[in-house]
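> For the sequence shown, the residue numbers in the UniProt record's numbering are 1 to 286.
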Amino acid sequence: FEITIGGLGAAKVRDSLHVDQQETVGDECESSNLLSHIDTHQGLKPHVCDLCGKAYSHQGTLQQHKRLHTGERPYQCPFCEKSYIWSSDFRKHIRTHTGEKPYICEECGKDFVRSSDLRKHERNMHTNNKPFLCEQCGKTFNKPLSLLRHERTHLGERPFVCPECGKAFALASRMTEHRKIHSGVRPYTCSVCSKAFTKSSNLAEHIAIHSGVRPHKCSECGVAFATASRLVRHQRIHAAEHSYHCQSCNMSFSHLAKVIKNIVNSLRAVGCTVLFQVTRYVVKAI
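1. In angstroms, rounded to a whole number, what distance separates the CA positions of Cys80 and Ser200?
2. So, at 6 Å on beta carbons, what are the nonlocal neighbours of Ser146 in its own chain, with the 5 sequence-adjacent residues on each side left out?
3. Which residues bound the alpha helix (DSSP H) around Thr96?
4. Take every Cβ of the region 68–82, pair it with every Cβ of the region 205–223, and state whether three or more of those distances are shorter than 8 Å.
5. When you compare each of Thr61, Gly109 and Arg174 to His126 by their alpha carbons, which one comes out closest?
6. For Ala172, count neighbouring C-beta atoms within 10 Å of its own C-beta (all shown protein chains included) and say buried if the count is 16 or more, exposed if not.
7. DSSP on Gln76, reduced to helix/strand/coil?
8. Excluding sequence positions up to five away, which residues of its chain have a Cβ less than 7 Å from the Cβ of Arg186?
9. Which stretch, first to last residue, makes up the alpha helix (DSSP H) that contains Val232?
10. Determine the DSSP secondary structure at Asp111, reduced to helix, strand or coil.
11. Take the Cβ of Glu205 as the centre, count every other Cβ of all protein chains shown within 10 Å, and call the residue buried at 16 or more, exposed below.
12. Would you call the CB atoms of Ser57 and Leu44 closer than 8 Å?
13. Looking only at its own chain, which residues have a Cβ that is under 8 Å from the Cβ of Cys162, when we skip the five neighbours before and after it?
14. When you compare only the Cα positions, how much space is there between Phe225 and Arg236?
15. Bridge partners of Thr140, per DSSP?
16. Just the C-alpha distance for Ser88 and Gly222, rounded to the nearest angstrom, thanks.
17. Where Ile85 and Thr61 are concerned, what is the direct C-alpha to C-alpha distance, given to the nearest angstrom?
18. Would you kindly report the start and end of the unbroken alpha helix (DSSP H) that includes His58?
19. Between Asn129, Lys139, Thr98 and Glu151, which lies nearest to Ser191 when the distance is taken from Cα to Cα?
20. When DSSP labels each residue in this structure, what does Thr189 get in the three-state scheme?
21. Strictly by DSSP, which residues pair up with Val48?
22. Give me whichever residues DSSP pairs with His216 in a beta bridge.
Structure, rendered in structure tokens:
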């Protein structure tokens, strides 16, 4: 039995051993999560709530659901006495303390704490009469200034330049926030450890470290992080966009070593006890 990894990253199984029994093994999945991961492919929901009968694919999702029955609120605000069942509600609440406003109206540039506030603002403040059309994407606006602001996202235009360092921004508000770095002003202070930040978004990410909440989840593998910067660093693992392809199970991977690990784990998952020797691009049974 021999498996050869080709120069383009193709894993070719040269023997039909275990072909009929082969399991689907997900990229980035640890062996302990294998069965749960397979359930998502097959649409299975084996984890059933014993209180209401609702079913889920993952044990973790079921545990979160049960908080609705038990009243458990594990997400405690470090600024006040409020606590929450869901991390998403907790994150929205934290913004009321930090001043972070991540939702920006494309019409007028006003920013909001919650996406629902932005939608309400758009309904109430901006009419349905939008004669100014973006030729790039077809989106319409009620004012020429709003169209101009939007078009910068397509053109990459950044007319607002920081006089201190020359960094350019598409919005004046973003430049104003950036200039705090040069002034040394750090108006956003953590009430837990007194560390101060120039931007409210940095404070919000920092607070997540204290709270234990990991709101930034990788869409590729599901791993969650406390800060967006750590998620970005993690996503570089996937940046190669799975250039190594295993023809045995039709999965793709970012690293050659993961192809080999996937093949070996697939065989072990179906009870194969053969030991393997890995030499560069060849995996041989010994």
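For every residue, glycine included, the Cβ atom is placed at its ideal position computed from N, Cα and C.
Reading from the atomic positions:
1. Approximately 18 Å between the Cα atoms of the pair.
2. Glu107
3. Ser87 to Thr98
4. Judged by pairs of C-beta atoms under 8 Å, the region 68–82 touches the region 205–223, as three or more such pairs exist.
5. Gly109
6. exposed
7. Three-state DSSP puts Gln76 in a strand.
8. Ala196, Phe197 and Thr198
9. Ala228 to Gln235
10. strand
11. Label assigned to Glu205: buried.
12. Yes, these two residues count as a Cβ contact at 8 Å.
13. Here the set comprises Ala168, Phe169, Met175, His178, Arg179 and His182.
14. Spanning the two alpha carbons is a distance of roughly 14 Å.
15. Leu133
16. 16 Å
17. Roughly 12 Å between the two C-alpha positions.
18. His58 -> no alpha helix (DSSP H), and no H or E assigned at all.
19. Thr98
20. strand
21. Ala55
22. Phe225
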